[in-house]
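Undergrad:
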Amino acid sequence: MTTTLFRRAFFGLAGAAALSVAGTGFASAASLAVGSYPSNPPFEYKTSTGTFEGFEVDIVNEVAKRLGMTVEISDLGFQALFAATASKRIDVAISSITITKERLGSQSFTQPYYDADMGIATRKEATVSKVEDLKGKVVGVLAGSTGDKWAKDNKEKYGITDIKSYNAQQDLLMDLSAGRADVAVSDVPGMEYAFLKMKDLAVKVRIKTGEQYGLMMTKDHPLLAKANDAITAMKKDGTLAAIHKKWFGSDPAAGSASAVEQPLPKP
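All residue numbers for the sequence shown refer to the numbering used here, where the first residue is 106 and numbers rise by one.
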């Protein structure tokens with residue numbers, strides 16, 4: 106997730122004291138202090154009761170459980186997450202944060218657990234299984250998105266007939282369902298989440314972007330290795346696959362970061 110998002114974060118005295126404890130004695134604290142942007146479904150979002158739910162919420166809760174800890178999630182703006190981990194106000198940040206060399210200079214990350222690919226979606230009965238099948242097709246995209254750029258860059262290469270731009274994901278997927286677009290090119294997680302309800306549609310092809318998400322932690326956090334080992338165990342025992350299916354309606358792709366152990370990212 107690279108969009109700059111701003112939201113004022115306020116902590117009362119009790120909350121500040123709790124975060125101070127988390128920031129100065131990570132391993133001895135019974136609670137893992139987590140920061141999260143509150144409006145990023147299906148990865149994380151805040152319910153009407155004020156609790157957090159989502160794919161990454163389930164992951165961090167399971168990691169904490171395996172470390173013998175509980176979780177306290179604070180509502181933070183996306184950009185504020187980086188300052189909060191760097192200053193040790195929180196132990197972990199979640200919000201579909203892409204692992205990059207630049208970020209690894211000031212932060213630590215666990216191994217990735219999600220490949221942030223784009224995808225080609227169609228109606229389930231459509232016979233699209235590779236990018237070459239876009240020949241002669243009308244492609245729907247979100248205006249200004251990475252999918253929009255990819256479709257325009259590859260229109261001639263793959264023989265795309267027309268590109269239709271939409272201002273809202275819902276409008277794009279409704280037209281796909283109705284046959285006014287042959288395929289949609291967009292981010293996989295958002296489409297798979299929508300397809301839990303729009304059951305006539307499916308992601309047929311993944312387009313690799315190289316972006317991967319992991320738990321972002323304070324640089325050289327004393328619990329980094331243990332959190333990373335917990336994620337490895339979750340991949341091996343099927344827990345992560347079950348969480349993936351719960352939130353995206355599908356099993357992790359074979360060989361993906363959601364299914365296979367990955368190296369611990371290094372600067």
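Even glycine gets a Cβ: it sits at the ideal position worked out from N, Cα and C.
Assuming A221 contacts S201 under a Cβ cut-off of 8 Å, what Cβ separation, rounded to an integer in Å, is found between them?
TA: The Cβ separation is near 7 Å, so the contact holds.
Undergrad: Could you tell me if R285 is buried or exposed, where buried requires 16 or more neighbouring beta carbons within 10 angstroms of its beta carbon?
TA: With fewer than 16 Cβ atoms within 10 Å of its Cβ, R285 is classed as exposed.
Undergrad: Give the secondary structure of A198 by DSSP, where H, G and I count as helix, E and B as strand, and everything else as coil.
TA: Strand, per DSSP.
Undergrad: What number of angstroms, rounded off, separates the C-alpha of R208 from the C-alpha of T266?
TA: For R208 and T266, the distance between alpha carbons rounds to 40 Å.
Undergrad: Just reading off the beta strand (DSSP E) that I265 is part of, what are its end residues?
TA: I265 -> no beta strand (DSSP E), and no H or E assigned at all.
Undergrad: Have a look at the DSSP bridge pairing and note the partners of G245.
TA: G245 is bridged to K269, A289.
Undergrad: Shorter than 7 Å from the beta carbon of G155 to some beta carbon of chain D?
TA: No chain D is present in this structure, which holds just one protein chain.
Undergrad: Per DSSP, which one or two residues make a beta bridge with T177?
TA: Residue 177 is actually Glu in this sequence, not Thr. BP columns for E177 point to A138.
Undergrad: Nearest by alpha-carbon distance to K309: which of A273, G319, A226, A135 is it?
TA: The option with the nearest alpha carbon to K309 is A226.
Undergrad: Hey, would you say the C-beta of I195 is under 6 Å away from at least one heavy atom of the ligand PLP?
TA: No copy of the ligand PLP occurs in the structure displayed, which carries no ligand at all.
Undergrad: Between the Cα of Q216 and those of A332, A359, D356, I348, spot the shortest distance and give me the residue it belongs to.
TA: Measuring from the Cα of Q216, the nearest candidate turns out to be A332.
Undergrad: Suppose you measure from the CA of G315 to the CA of M321; what does that come to, to the nearest Å?
TA: Cα to Cα, the separation comes out at about 17 Å.
Undergrad: Could you tell me the distance, in whole angstroms, from the CA atom of K240 to the CA atom of Q275?
TA: When rounded, the distance between both Cα atoms is 25 Å.
Undergrad: Do I348 and Y218 have their C-beta atoms within less than 7 Å of each other?
TA: Taking 7 Å as the Cβ cut-off, I348 and Y218 do not qualify as a contacting pair.
Undergrad: Can you look up L306 in the DSSP assignment and give me helix, strand or coil?
TA: Three-state DSSP puts L306 in a strand.
Undergrad: Going by DSSP, what residues sit across from M223 in a beta bridge?
TA: The partner list for M223 (beta bridge, DSSP) reads D292, I312.
Undergrad: Are the CB atoms of M279 and G224 nearer to each other than 7 Å?
TA: Not in contact: M279 and G224 (Cβ atoms no closer than 7 Å).
Undergrad: Rounded to whole angstroms, what's the CA-CA distance from D180 to T152? Just pull it up for me.
TA: C-alpha separation (whole angstroms): 12 Å.
Undergrad: For L329 and S291, which I take to be in contact (beta-carbon distance under 8 Å), what is that distance rounded to the nearest angstrom?
TA: About 33 Å; that fails the 8 Å criterion.
Undergrad: How long is the line joining the alpha carbons of R194 and W352, rounded to whole angstroms?
TA: Their Cα atoms are separated by approximately 29 Å.
Undergrad: Given a cut-off of 7 Å, decide if V288 and K66 are closer than it, judged by their beta-carbon atoms.
TA: Because the chain spans 106 through 372 in this model, residue 66 falls outside it and cannot be assessed.
Undergrad: Straight-line CA distance for K313 to E161?
TA: K313 and E161: Cα-Cα distance of roughly 21 Å.
Undergrad: In angstroms, rounded to a whole number, what distance separates the CA positions of A188 and V168?
TA: If I take the Cα positions, the gap works out to 23 Å.
Undergrad: For a test of the three-state rule: what should DSSP assign to F148, helix, strand or coil?
TA: Correct three-state label for F148: coil.
Undergrad: Which residue's Cα is closest to the Cα of G354: G264, D238, F300, A364?
TA: Closest by alpha carbon: F300.
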